[in-house]
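Participant: Chains as they are written, first to last, in the working numbering: chain Z, 1 to 116; chain F, 1001 to 1115. Built from N, CA and C at the ideal position, the CB exists for glycine as well. The structure under discussion is supplied below as structure tokens; questions concerning it will follow.
Have a look at this one:
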């Protein structure tokens, strides 16, 4: 069965600190996609990144970076120099690469609070 | 529209009432998903449409839940005889094509409170 675990329920940091959000996944599929979404207080899930199982290259987008390691089934997300606007709930999710209409399997989310 | 639109944003129902939640997906998106998000949890899959066809309803928790997308665009999730355990945020998502590879874009959700 597919499963996503986000062990950190809540993280609190002070502005400008770096913070890493952990994500560990389980799947028997050899082809799959991993996602990160951000859910601010407004409630809408905002897409951040998609990664397929064949591409283990790390990615950087501004202050955001992602570390994908198949050997440990992890897809961790780091925010560098955090800002108050980064405060939100962050979800890691998994889907089957080849199956049509596959729903996302979400972790329980990590609530990030950034104070000034 | 520019994004996925859901209405109403908030709904309060008395136990036993029927409710209808609406989702307007991004124009032209083939796939539409409904998810249920309980407080402090991640979204959980309810049902999936490919155009007007409901191809997967394995996540619907009971036969009180019913969804439709008659013309392949707007979708309605209906809950009959609401119970307190139905209280949650109901999220709608759409994606451009078929397949698990595509990005799902989410609406802001409908927060349902059953008293």
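May I ask you to list, following chain order, the residues of the stretch 1060-1089 of chain F that have a beta carbon less than 7 Å from some beta carbon of chain Z?
Facilitator: 1089
Participant: Chain Z partners of residue 1015(F), CB-CB under 7 Å?
Facilitator: Per Cβ cutoff of 7 Å: no residues; residue 1015(F) is ~24 Å from chain Z at best.
Participant: CB-CB under 7 Å to residue 1090(F), same chain, minus the five flanking residues each way: which ones, in chain order?
Facilitator: 1021, 1034, 1036, 1077, 1109, 1110 and 1112
Participant: Consult DSSP for residue 110(Z) and reduce its assignment to one of helix, strand or coil.
Facilitator: strand
Participant: With a 10 Å radius around its C-beta and 16 neighbouring C-beta atoms as the bar for buried, classify residue 1069(F) as buried or exposed.
Facilitator: Answer is buried; the Cβ neighbour count reaches 16.
Participant: So with Cβ pairs under 9 Å, would you call residue 1008(F) a contact of chain Z?
Facilitator: It does not; no Cβ of chain Z falls within 9 Å.
Participant: With a threshold of 9 Å between beta-carbons, can residue 1044(F) be considered close to chain Z, or not?
Facilitator: yes
Participant: Return no unless some Cβ of chain F is closer than 9 Å to the Cβ of residue 3(Z).
Facilitator: With 9 Å as the cut-off, residue 3(Z) does not count as an interface residue toward chain F.
Participant: Could one say the Cβ of residue 33(Z) lies closer than 9 Å to chain F's Cβ atoms, at least one of them?
Facilitator: yes
Participant: Could you name the residues of the same chain whose beta carbon sits closer than 8 Å to that of residue 1052(F), not counting the 5 residues immediately before and after it, in chain order?
Facilitator: 1069, 1070, 1071 and 1072
Participant: Looking at residue 1083(F) and residue 1064(F), is the spacing between their C-beta atoms short of 9 Å?
Facilitator: yes
Participant: Name, please, each residue of chain Z whose Cβ falls closer than 7 Å to the Cβ of residue 1107(F).
Facilitator: 44
Participant: Sort 1094(F), 1105(F) and 1088(F) by Cα distance to residue 1048(F) and report the nearest one.
Facilitator: Of the candidates 1094(F), 1105(F) and 1088(F), the residue whose Cα lies closest to the Cα of residue 1048(F) is 1094(F).
Participant: Under 8 Å Cβ to Cβ from residue 1013(F), same chain only, skipping five residues before and after it: list those, please.
Facilitator: 1019, 1082, 1112, 1113, 1114 and 1115
Participant: If you compare alpha carbons, which of 72(Z), 56(Z) and 77(Z) is closest to residue 65(Z)?
Facilitator: Here the closest residue by C-alpha is 77(Z).
Participant: Comparing the C-beta of residue 1040(F) with each C-beta of chain Z, is any distance below 9 Å?
Facilitator: yes
Participant: So which residues on chain Z does residue 1103(F) lean against when the C-beta distance must stay under 7 Å?
Facilitator: 47 and 50
Participant: Can you tell me the Cα-Cα spacing of residue 96(Z) and residue 1086(F), whole angstroms?
Facilitator: Distance between the alpha carbons of residue 96(Z) and residue 1086(F): 28 Å.
Participant: When you compare only the Cα positions, how much space is there between residue 22(Z) and residue 6(Z)?
Facilitator: In a straight line, the C-alpha of residue 22(Z) is about 6 Å away from that of residue 6(Z).
Participant: Flag residue 1028(F) as yes if its beta-carbon sits less than 9 Å from any beta-carbon of chain Z, otherwise no.
Facilitator: no
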